[in-house]
Structures are given as C-alpha cells and as structure tokens.
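Residue numbers (the working numbering), protein chains in the order written: chain R, -12 to 162; chain A, -12 to 162.
Beta carbons are placed, not taken as given, at the ideal position from N, Cα and C, and that holds for glycine.
All values derive from a computational prediction rather than experimental measurement.
There are 2 protein chains.
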Amino acid sequence: MSLRIALLGLLDATGPASGYDLAKAFEKSLNHVWQAGHTQIYPELVKMAEDGLVEVESEGARGRKIYAITPEGAARLHEWLVGHEPSVVIRSETALQAFLLSLLDVDDAIAVVRRIKADAESRLAGLECLGSPGSELFTGRFALDLGLRQARAMVDWAEATLAVLGERKASLQGA
Amino acid sequence: MSLRIALLGLLDATGPASGYDLAKAFEKSLNHVWQAGHTQIYPELVKMAEDGLVEVESEGARGRKIYAITPEGAARLHEWLVGHEPSVVIRSETALQAFLLSLLDVDDAIAVVRRIKADAESRLAGLECLGSPGSELFTGRFALDLGLRQARAMVDWAEATLAVLGERKASLQGA
DNA sequence: GAGTCACATGTAAGTCTTGACATGTCAATA
DNA sequence: TATTGACATGTCAAGACTTACATGTGACTC
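Structural data, given as structure tokens:
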C-alpha cells in the first residue's frame, strides 16, 4: 500500500514519469523515507494502471512508458495522506544491536557503537548535503528535516552511550 | 535473519524459554525495536533448531516446548552483533506522510502533523514508563534510550513543523 | 457442570521485498 | 566499427511478514 502512495505522491508532485524515472526519484529523494527498487516499481505500476490510479502512455522512442496520475489516483492519495493512522512498525537493525549491546563485553560494545555512530554521521552528512542550496528538493523539505533530526538523535545516542561504556570500562580497569 | 538474532538474543539474555514466552517478551520489551508475532516465531524456532542454533525440550504439562540457545547459536549471535554492518533500511509511513505534506493544503497538513505529534507523544510516554523504577528491563537500557531519543526527535519535528505551517497559514490569510 | 480466560501451538493463503537473471536501445568514444 | 555505459523494461524464485483460521489444555468462577 505504502509503495503505491509513494508512487502516486511522486507522480502528483512532479507530473507524468516513466517507471525508470520513478525508480531514480526514489533513489534520490525518497531514499531516507521509503525504499524500493525497479523490480518492485514496474509491476506495481502495472497493477495501479489496472486499478485506474494511473494512466499509461507509450512514448515511442526507447520503449518508454509514461505514467500519469488519474483523478481517482489523486483522490486515493489525498485520502491516505489525510486519513492514515500512523502505524508505528519499527524494524531497525541498529536498534536491535543497541538492544543486545549488554550481551557484549565492553570493548566489543564500544566498537559496535562507534560503527553505528560513523554510519549515522555519514547519513547525516548526506542529508545535510541534500538540503544545501542548489539542491532542488521539489517536495520533501519537511521529511528532510525529520530525517536530519532522526539522524542527529542517533549520533547523540551513540555519543552518550560511548560515554557510559567508557566509564564502565574505566571502572572495570580500576577494579 | 534479524528475527533469528532477536530470538537468540532473548534466549541468551534470559535463558531457555518457550515460543509463547518469546512472543510475550517480544511484545513487552522488543516491541520498539523489532516486531514479530507468534505466527512468525514458531516456525522460525523450528528452523533454528534444524540449524542447530537452539535445542528443544518438551516439557510435558501443556505441550510446552522449551528452547535453549546452543553454543553455536551463541557464536552466531555474537558474530552478528559484532560484525553486522548497520544497513539503513528505512520504511516509515510517518516519514512518507511528512514527505508528501506539501501536497496538502495548510489545514489538512496541520491536522496530519498534529496526529503524528500525538502519536509520538504517546509512544514517548510508553517508553518513559518502561524506564521508570520498578520496571525490570533485563537488557535493552541502551535501546530504550535510543527509542526515547527517536521519539523525542519526532515530537520536536512535529512542533517545528506546526510552527512553520502556522506561519504559512497566517501569511495566506493576510494576503 | 458450563463458560470463560490465559496458556500454548500451529497451518495456510496472500502480500511485500530482495536479488539474480534476462533483454534490448541509443549515444559517445576509442 | 566495436565497445562501453546510461537508458529502459521486465521475470522469477526465495525469503520476510501479516492476517485469518484452527486446535486443545488447565484453572477459575458462576
């Protein structure tokens, strides 16, 4: 369902596009919000066309197929955006690592948290780059801000956790 | 894969348990980190037993089957915890709503963000409750901290976004 | 004794997602 | 002209996940 919404949203925001374009747009702009490759997008567009949410038009040249959102598609999109209850399905491998951190000895734990921190920092840098002048983020300024805040929260957590682990290590060595 | 890790982690941290126990533990403690119901857990435990990661022992009474982690299982768990690259697979419906917020008119957008905010606040309250004295969080203090930070980041984002939308609305009315 | 609730385990159908494979066009360049 | 690389579309198998269905026990209470 959410994949449909994402595709409808892109089509609504940027106008008609090919599956290829949509896959690129996903990679570039929606990446930190939802993920999908072309192998998921192409079949989904076909189904959406069957359901009357988008219209196809073959643009001769290179076998390109241009999809455009229909009024019905726009209605469904609007409906979802306004009416969808935020279902908190969380599935984060990093959080899982954090959860099980106590099972590791201090040195391993420190190494793991450092890796998580480095990863979050590079994600943060990537997002900051997206938001910098010159980058045309047609839509998604709000989502970018959310992404930045989430990434910063992760970095902060890693720093605080490293501090705790450092203390723990010191007290172990003192003993 | 991650489901296996989560189950191995629980077994390692709390000792032998039945599938039922594990499902409960998932719901209670791992909920904000990873989600899985019994219909996913039972078959997975069977496969894990086949792979030698856990050992089963039927405890007569009510058909209970007690699973215990094997040395091999513990080794795999450790390996994953220490060696797993943090793969950032993000799939958040809320972030998707945030991404497409610009497609809505100001009033709808405000309503959506308010809902997101309320949701994040209740999640935050739930987590704070988990961390309060009397709650025995065998493990997962670090993950709880991470969850708190993420939830707070969401609340902060909602507040900042509401401020922006409020201004936008005011300027529209002024025009 | 009947009913209800928490315990306890499963199956099956269907959807979502990933990763590997497969095919062909067009433009530039070596 | 041959090759490379971006463009462009797809299929298929396998795995992850959800929802609904199905079954039976033991303890307590009405």
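Taking all protein chains shown into account, do 16 or more other C-beta atoms lie within 10 angstroms of the C-beta of A/Asp38, making it buried, or fewer, making it exposed?
exposed
My parser needs the beta strand (DSSP E) runs of 3 or more residues fully inside the region 36 to 105 of chain R; what are they?
Whole beta strand (DSSP E) segments, 3+ residues: 41 to 46 and 51 to 56.
Contact criterion: CB-CB distance below 7 Å. Does R/Asp(-1) meet it with respect to chain A?
yes
With A/Lys15 as the anchor, note down where its alpha helix (DSSP H) starts and where it stops.
That residue, A/Lys15, is in no alpha helix (DSSP H); it is neither H nor E in DSSP.
Check for me: the alpha helix (DSSP H) holding R/Gln22 runs from which residue to which?
Counting along the chain, R/Gln22 falls outside any alpha helix (DSSP H), and DSSP gives it neither H nor E.
Which residues of the region 75 to 89 of chain R have a Cβ closer than 9 Å to any Cβ of chain A? Give them in chain order.
Taking a C-beta cut-off of 9 Å against chain A, the contacting residues of the region 75 to 89 of chain R are Val75, Val76, Ile77, Arg78, Ser79, Glu80, Thr81, Ala82, Leu83, Gln84, Ala85, Phe86, Leu87, Leu88 and Ser89, listed in chain order.
Taking 8 Å as the limit between beta carbons, can you name the residues of its chain near A/Gly127, skipping five residues before and five after?
Ser16, Leu17 and Val20
Hey, is the region 97 to 110 of chain A in contact with the region 57 to 64 of chain R, meaning 3+ C-beta pairs nearer than 8 Å?
no
On the criterion of 16 or more Cβ atoms from any shown chain inside 10 Å, does R/Met141 qualify as buried, or is it exposed?
Only buried fits R/Met141, as 16 or more other CB atoms lie within 10 angstroms of its CB.
A/Gly70 versus A/Pro30 - alpha carbon distance
26 Å
In the DSSP assignment, the alpha helix (DSSP H) including R/Leu141 goes from what residue to what residue?
Note that residue 141 of chain R is Met in the sequence shown here, rather than Leu. Unbroken alpha helix (DSSP H) run through R/Met141: Arg128 to Gly161.
By a C-beta neighbour count over all protein chains shown, 10 Å radius and 16 as the cutoff for buried, is R/Glu80 buried or exposed?
buried
Please tell me whether R/Asp8 has its Cβ less than 7 Å away from any Cβ of chain A.
no
Can you list, in chain order, the residues of its chain whose CB lies under 7 Å from that of R/Ala138, leaving out five sequence neighbours each side?
Ala107, Arg110, Leu111 and Leu114
What did DSSP end up calling A/Ser5 once you bin it into helix, strand or coil?
strand
Any beta-carbon of chain R closer than 7 Å to the one on A/Ile103?
yes
At the level of alpha carbons, what is the spacing between R/Gly118 and R/Ala130?
11 Å
Taking only beta-carbon positions, decide if R/Leu133 is within less than 7 Å of chain A.
yes
Between the CA atoms of A/Ser89 and R/Ala36 - distance to the nearest angstrom
If you take the alpha carbons of R/Ala36 and A/Ser89, they lie about 25 Å apart.
Taking Cβ positions only, does R/Gln160 come closer than 7 Å to chain A?
Closer than 7 Å: no.
Check the Cβ of A/Gly153 against every Cβ in chain R and list those closer than 9 Å, keeping chain order.
Near A/Gly153 there are no residues of chain R at all, since even the closest Cβ is about 14 Å away, more than 9 Å.
Nearest to R/Ala145 by CA position, among R/Tyr7, R/Ala96 and R/His25, is which residue?
R/Ala96
Can you check whether the C-beta of R/Arg136 is within less than 7 Å of a C-beta belonging to chain A?
yes
Determine the contact status of A/Ile56 and A/Val33, defining contact as a CB-CB distance below 7 Å.
no
With DSSP as the reference, label R/Ser(-11) as helix, strand or coil.
helix
Interface residues of chain A facing R/Gly(-4) [CB-CB closer than 8 Å]
Leu83, Phe86, Leu87 and Leu90
Of the choices A/Leu83, A/Asp92, A/Cys116 and A/Arg155, whose alpha-carbon is the least far from that of R/Leu(-5)?
A/Leu83
Is any beta-carbon of chain R found at less than 7 Å from that of A/Val41?
no
If I measure Cβ to Cβ from R/Ile53 and keep anything under 8 Å in the same chain, skipping five residues before and after, which residues do I get?
Pro3, Ala4, Ser5, Val43, Glu44, Ser45 and Glu46
Please name the residue in A/Ala0, A/Asp92 and A/Gly161 whose C-alpha comes closest to that of A/Leu152.
A/Asp92
What is the rounded straight-line gap between the Cα of R/Leu133 and the Cα of R/Ser74?
17 Å
Let me check understanding here. Comparing Cα to Cα, which of R/His65, R/Ala150, R/Arg49 and R/Leu87 lies closest to R/Leu(-2)?
R/His65
Residues of its chain near R/Val99, where Cβ-Cβ distance is below 8 Å and the 5 sequence neighbours each way are ignored:
Shown here for R/Val99: same chain residues with a beta carbon closer than 8 Å to its own, the five before and five after excluded, namely Gln84, Leu88 and Leu91 in chain order.
Is the Cβ of A/Val69 closer than 7 Å to any Cβ of chain R?
yes
Check whether chain R comes within 7 Å of A/Ala55, counting only Cβ atoms and requiring the distance to be less than that.
no
So which residues of chain A does R/Gly60 contact, with C-beta pairs closer than 7 Å?
Neighbours of R/Gly60 on chain A: none; closest Cβ ~12 Å, over 7 Å.
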